Amino acid sequence: MSFLYPAFLFALLALAIPVIIHLFNFRKYKTLYFSNVQLLKLIKQESRKKSQIKQLIILASRLLAIAALVFAFSRPFIPLGNQTSKAAHQIVAIYIDNTFSMKNVGEQGQILEQAKLKAFEIANAYPAGTQYLILTSDLLPQHQFILSKEQFIQQVSEIKESPKSPKFSEIYERIISTFPGSEKKSDKIFYYLSDFQKNNTDFETLHPDSSVWTYLLPFKSDKINNLLIDSCWFEVPGRKIGQQEKLFVSLKNLSEQAYQNIPIRLTINDSLRAISNISISGKEELTVELSYTNNAEGIQLCKVELDDYPIIYDNSYFLSYKVLGKMKALGIFNPLNNSSEYLKALFTDDELIGYEEFPENNVQIARLKDFQCIFMLNNQKISSGLKSELNSFVAQGGSLVLFPNRTANFADYNDLLTSLNGNTIESSDTARLGISEINYNHPLYKEVFKKQEANADLPVVSGILKFTEQIQKSETPLLKFRNGKNALSTFRFGNGNVYSFAFPVDKINFNFVRHIIFVPTVYNMVLNSGELQKYAYSIERDEPVILNQNHLSDELKLINQQSKEEFRVSARNTGTEHKQLILNELISEAGHYLIKDGDKVIQSVSYNFSRKESVPEYLSGEDIQNQAKASNFKQMQIIDVNEARFSEILEDLNNGKQLWKFFIMLAIFFMLCELAVIRFWK
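All the letters of the sequence shown, read from the start, carry residue numbers 4 to 685 under this note's numbering.
Structure follows, in structure tokens:
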């Protein structure tokens, strides 16, 4: 037991007063002589003993009553939790979880509003002069400063739901770093108000700070049914004009309830393009296919949506992309071994692909950026300037196709391949070798063949080149020879692709050119080229947006397509010609955003809310206790927010278990005892 005002204990000296009064009341008896006093003597002795006992009881009652009053005014308490010492100034930090799951309804209404009310009660439980810190899921920079009680209450009342969902360890570390370092450990108190979703509670990664005492306040929500759109993706890469698209939509039913005939709608540029009705059982995942055709060029703003209540933020999924009107391909050929005629014949008058060509001794290097795909055709020599430009071309998202010349100096090819992190050429062979295997799962061939044949009739080629196999670990084989070596392989470099043939395209290998596999191979290499496009972003992830265009202004505009709200954003250099934007601090609403350079729209980005908050899995109080114990998180206590005595619990946690009321009642009891003895003891 400790005392808040121990100086009052000096008042115990007042106990001497009733003792002195009691002693003076013990008068000496005067002796009187009678002839026969035996009976009188017995009566007086008995009366005297009773009187002494009565006076002692009265004295004891008075002493106990005075002692109880003195103890009451000394404010005795039993320390709880962190009351090892009491500093003059306290700093109370409170985290209010304002993620989407806190919008769910509990016993007393929406649990976010309950959490805000509990934060007010916590603030009212502390004395004047207490300093406060507030933190929310947004991790806002203004929540790093000490607040007065009035400022704290004002900021709590302004809290709204947030799409961000940081983990417990991140919040804890932020609070620890925000506390002033000069304060004593008993000054630092941290309240964590949350529904404790399993996704965000990571005690196992926590590094507890013994100088901070943490109170965990878990809120419980009612069971809610939820059907959501988890993700979307296309069957093949590359969005082209006139292309029949297949968009796959992943749905999750996180409840036990089954859903029947739910419409899934796809709108593009505010026009309904596809719809599909689905039925899904409880706890089931389902993939839906939506088909449509790209009929227009330019930016396509897509939205997939369904209707489900009461959780609505995961009912929609936004994605966007750009459709190019006509792809441009370039052939750089060797005038002494010109094989560009095959490509010219293929692409002439094609509606989707335009084709140009340069001889290797007269390449207009400044124009390479105008093309999406470049074919190197049996080149005898590759200049150093051209190598450098080809490297930048691929890094920025272009596709490079190499048909090597088996009689050329391999040093030029190997310099280019090395700069692209590719496998280099070791030697050539004049032997003929048949192609025996096709990678049907690669986007280049995925939509070409109706069925996969193990023993397909494939061409035989000669002039085989042997490549090293140590450098390019991520190389993907597309065509293989009968000896297991790669006839055609591909690998990524930067934002682009490199396709490397192990044989030349010339008259000696004319059977490959006239084979049915030649056209889809070359054609799809072009169609799968172009700007690197990311269809959707998550608001929660700090992921940069890569700008596909070069030579942009340093300051751009970001426009919310729905609200028309406009932001000024600065493009950052990445070490390449492509710049990037960091937008996560600006984005708080899911939807489509347009990036403008001046008055020209150059790109679109689509943001979605994280689906982590959709998973209705929460830790119980027992789970929290067990996980905290397993993580050696000792400076912690769980508070039941539904406890009727919540305010008293806070008072006890702040000042310890208060005993002054108990001593007041004891004082009253002893006073009543004294009165009863005086009145009824005759």
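Each residue gets a CB set at the ideal place from its N, CA and C atoms; glycine is no exception.
In this text, all values refer to a predicted model and were calculated from it rather than measured experimentally.
- prompt: Which term fits threonine 87, buried or exposed, when burial requires 16 or more other beta carbons within 10 angstroms of its beta carbon?
  reply: In the sequence shown, residue 87 corresponds to position 84, counting from 1. Residue placement at threonine 87 cannot be trusted, given a pLDDT of 48 that sits under 50; the coordinates are not used to answer.
message: Which of the three DSSP states is assigned to glycine 533 in this structure?
response: Here residue 533 refers to the residue found at position 530 of the sequence shown. In this structure, glycine 533 counts as coil in the three-state DSSP scheme.
task: Give me whichever residues DSSP pairs with cysteine 235 in a beta bridge.
output: If you number the sequence shown from 1, residue 235 lands on position 232. Beta-bridge pairing links cysteine 235 to Val252.
- request: Let me know the secondary structure DSSP gives isoleucine 244 once reduced to three states.
  value: In the sequence shown, residue 244 corresponds to position 241, counting from 1. Correct three-state label for isoleucine 244: coil.
field: Any beta strand (DSSP E) of 3 or more consecutive residues that is wholly inside the segment 488-546
entry: 489-496 and 499-504
- request: Could you tell me the distance, in whole angstroms, from the CA atom of tryptophan 216 to the CA atom of asparagine 256?
  value: Against the sequence shown, residue 216 aligns to sequence position 213. Against the sequence shown, residue 256 aligns to sequence position 253. Using only the alpha carbons, I get a separation of about 40 Å.
query: Hey, quick one: how far does the beta strand (DSSP E) through valine 404 stretch, first residue to last?
result: Stepping through the sequence shown from its first residue, residue 404 is reached at position 401. Start and end: 402-406.
Residues of its chain near valine 680, where Cβ-Cβ distance is below 8 Å and the 5 sequence neighbours each way are ignored: In the sequence shown, counting from the first residue as 1, residue 680 sits at position 677. Excluding sequence neighbours, valine 680 sits near Lys57, Ile60, Ile61 and Ser64.
- request: Count the other C-beta atoms from every protein chain shown that fall within 10 angstroms of the C-beta of glutamine 306, then say buried if there are 16 or more, exposed otherwise.
  value: Position 303 of the sequence shown holds residue 306. Correcting the residue type first, residue 306 is lysine in the shown sequence and not glutamine. Looking at its Cβ environment, which holds 16 or more other Cβ atoms inside 10 Å, lysine 306 is buried.
Beta strand (DSSP E) runs wholly inside the segment 53-119, at least 3 long, in chain order: For the segment 53-119, the full-length beta strand (DSSP E) segments reaching 3 residues or more read 79-81 and 94-99 along the chain.
DSSP bridge partner residues for phenylalanine 570 (one or two, in chain order): Residue mapping note: residue 570 aligns to position 567 of the sequence shown, counting from 1. Note: phenylalanine 570 sits in a beta bridge opposite Leu561.
field: Chain-order list of residues whose beta-carbon lies under 6 Å from that of phenylalanine 159 (same chain, five-residue window excluded)
entry: Residue 159 sits at position 156 when you count from the first residue of the sequence shown. A small correction: the amino acid at residue 159 is valine; phenylalanine does not occupy that position in the sequence shown. So the list reads Lys119 and Ala122, once near-sequence residues are dropped.
- prompt: What's the C-alpha gap between glutamine 606 and lysine 560?
  reply: The residue labelled residue 606 in the question sits at position 603 within the sequence shown. The residue labelled residue 560 in the question sits at position 557 within the sequence shown. So the two alpha carbons sit approximately 11 Å from each other.
message: Starting from valine 397, trace the alpha helix (DSSP H) in both directions and tell me its first and last residue.
response: Here residue 397 corresponds to residue number 394 of the sequence shown, with the count starting at 1. Element bounds for valine 397: 387-398.
- prompt: So alanine 75 packs on alanine 670, CB below 8 Å; how close in whole Å?
  reply: By 1-based counting over the sequence shown, the position of residue 75 is 72. By 1-based counting over the sequence shown, the position of residue 670 is 667. About 6 Å; that satisfies the 8 Å criterion.
query: Bridge partners of tryptophan 663, per DSSP?
result: By one-based count along the sequence shown, residue 663 stands at place 660. According to DSSP, which records beta bridges pairwise, tryptophan 663 is partnered with nothing at all.
query: On the premise that valine 451 lies in contact with proline 507, defined as a C-beta separation below 8 Å, what is that separation, rounded to the nearest angstrom?
result: For the purposes of this step, residue 507 is identified with residue 504 of the sequence shown, where counting begins at 1. For the purposes of this step, residue 451 is identified with residue 448 of the sequence shown, where counting begins at 1. Not really, about 23 Å apart at Cβ, beyond 8 Å.
- prompt: Taking DSSP as the reference, what is the three-state secondary structure of phenylalanine 378?
  reply: Locating residue 378 in the sequence shown gives position 375, where the first residue counts as 1. It is a strand residue.
query: Does the separation of the CB atoms of leucine 304 and serine 323 fall below 8 Å?
result: Within the sequence shown, the letter at position 301 stands for residue 304. Within the sequence shown, the letter at position 320 stands for residue 323. Yes, they are a contact pair.
task: Would you decide whether phenylalanine 199 is buried or exposed? Buried here means 16 or more other CB atoms lie within 10 Å of its CB.
output: Position 196 of the sequence shown, counted from the start, is the residue given in the question as residue 199. Its Cβ being crowded by 16 or more others within 10 Å, phenylalanine 199 is buried.
- prompt: Under the three-state reduction of DSSP, which class applies to serine 422: helix, strand or coil?
  reply: To locate residue 422, count along the sequence shown from 1; it is residue 419. Three-state result, serine 422: helix.
message: According to DSSP, threonine 290 sits in a beta bridge with which residue or residues?
response: In the sequence shown, the residue the question calls residue 290 occupies position 287. Partner(s): Ser253.
task: Report the rounded CA-to-CA distance for histidine 518 versus leucine 461, giving the unit in angstroms.
output: Looking up residue 518 in the sequence shown gives position 515. Looking up residue 461 in the sequence shown gives position 458. Roughly 8 Å separates the two Cα atoms.
message: Within 10 Å of its beta-carbon, does tyrosine 195 have 16 or more other beta-carbons around it, so buried, or fewer, so exposed?
response: Residue 195 sits at position 192 when you count from the first residue of the sequence shown. Residue environment for tyrosine 195: buried (at least 16 other C-beta atoms within 10 angstroms of its C-beta).
query: How about glutamate 440: is its Cβ closer than 7 Å to a heavy atom in the ligand MN?
result: With respect to small molecules bound, the structure shown includes none, and the ligand MN cannot be examined in it.
- request: Identify whether isoleucine 642 lies in helix, strand or coil by the three-state DSSP scheme.
  value: Along the sequence shown, read from residue 1 onward, the residue named residue 642 stands at position 639. Note: isoleucine 642 maps to coil in three-state DSSP.
message: Taking its Cβ as the centre, do 16 or more other Cβ atoms sit within 10 Å of threonine 421, making it buried, or is it exposed?
response: Position 418 of the sequence shown, counted from the start, is the residue given in the question as residue 421. Burial call: exposed.
Member of Lys286, Val252 and Ser387 whose CA lies at the smallest distance from the CA of glutamate 259: Stepping through the sequence shown from its first residue, residue 259 is reached at position 256. The shortest C-alpha separation from glutamate 259 is found at Lys286.
- prompt: When we look at the beta-carbon of glutamate 248 and count the other beta-carbons within 10 Å, is it buried (16 or more) or exposed?
  reply: On the sequence shown, residue 248 is found 245 positions in, with the first residue counted as 1. Label assigned to glutamate 248: buried.
query: Do the CB positions of serine 591 and proline 166 come within less than 8 Å of each other?
result: Indexing the sequence shown from 1 puts residue 591 at position 588. Indexing the sequence shown from 1 puts residue 166 at position 163. Yes, the pair counts as a contact, with Cβ atoms nearer than the cut-off.
- request: Kindly indicate which residue of Phe496, Gly497 and Lys488 has the alpha-carbon position closest to the one of phenylalanine 504.
  value: Numbered from 1 along the sequence shown, position 501 holds the residue referred to as residue 504. For phenylalanine 504, the nearest C-alpha among the options comes from Lys488.
message: For phenylalanine 171, report the span of its alpha helix (DSSP H) as first-last.
response: Locating residue 171 in the sequence shown gives position 168, counting from the first residue. That run of the alpha helix (DSSP H) goes 171-181.
Closest by C-alpha distance to glutamate 360, when choosing among Phe374, Asp352 and Glu354: Stepping through the sequence shown from its first residue, residue 360 is reached at position 357. Looking at the Cα atoms, Phe374 is the closest of the given residues.
- request: State buried or exposed for glycine 601, treating a residue as buried only when at least 16 other CB atoms are found within 10 Å of its CB.
  value: On the sequence shown, residue 601 is found 598 positions in, with the first residue counted as 1. Exposed, because fewer than 16 other Cβ atoms sit within 10 Å of the Cβ of glycine 601.
- request: Please list the segments of the alpha helix (DSSP H) lying wholly inside the segment 316-365, counting only runs of 4 or more residues, in order along the chain.
  value: 343-350
Boundaries of the beta strand (DSSP E) in which aspartate 432 is found, first to last residue: In the sequence shown, the residue the question calls residue 432 occupies position 429. Looking at the DSSP string, the run of the beta strand (DSSP E) that includes aspartate 432 is 428-432.
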